[in-house]
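J.: Per this note's numbering, residue 323 is the first one in the sequence shown, and the count goes up by one each step.
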Amino acid sequence: MTATGIISALIIGLIIGALGRLVVPGRQNIPIWLTMLIGVGAALLGTVIARAAGVANTSGLDWTEIFIQVVLAAIGVALVVGVAGRRGVSRY
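(1) Mapping the DSSP letters down to three states, classify G404 as helix, strand or coil.
(2) Which one of I397, R373, A325, V405 has the shortest CA to CA distance from A364?
(3) Just to confirm my understanding: we take A378, look at its own chain, exclude 5 residues before and 5 after, and list those with CB closer than 7 Å. What are they?
(4) Excluding five sequence neighbours on each side, which residues of the same chain lie with their C-beta closer than 7 Å to the C-beta of I360?
(5) Using the C-alpha atoms, what's the distance from G348 back to I334?
(6) So, at 8 Å on beta carbons, what are the nonlocal neighbours of L336 in its own chain, with the 5 sequence-adjacent residues on each side left out?
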């Protein structure tokens with residue numbers, strides 16, 4: 323992978339993270355950098371899953387791959403928010 327490929331993957335990951343955050347209902351009390359980190363991971367994992375399923379190389383824009391990436395980002399954001407929310411709950 324070239325430097326341009328890495329930079330474009332990071333930018334796509336940042337966008338995927340933001341989309342994943344928008345998909346999750348409610349307020350997310352996690353920092354934006356963590357959301358973007360989740361997005362980068364979801365973009366990479368989504369690409370691997372799309373290639374394994376054979377839907378990564380289509381003519382035009384790969385909507386299935388983008389959908390997989392956004393769903394993974396939403397799941398990641400929801401899991402982190404759930405874990406972070408549990409730590410913030412005080413027990414009486």
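Glycine included, every Cβ here is placed at the ideal spot set by N, Cα and C.
T.: In terms of the structure at hand:
(1) Here residue 404 corresponds to residue number 82 of the sequence shown, with the count starting at 1. G404 falls in the helix class under three-state DSSP.
(2) Along the sequence shown, read from residue 1 onward, the residue named residue 364 stands at position 42. Nearest option by C-alpha distance: I397.
(3) By 1-based counting over the sequence shown, the position of residue 378 is 56. These residues qualify, in order along the chain: T369, A372, D384, E387.
(4) For the purposes of this step, residue 360 is taken as the residue at position 38 of the sequence shown. The answer, listed in chain order, is G339, G342, A395, G398, V399, V402.
(5) Taking the first residue of the sequence shown as position 1, residue 334 is located at position 12. Taking the first residue of the sequence shown as position 1, residue 348 is located at position 26. Approximately 24 Å, taken between the alpha carbons.
(6) The sequence position of residue 336 within the sequence shown is 14, counting from 1. Closer than 8 Å at the Cβ level, and outside the excluded window around L336, lie M358, G361, V362.
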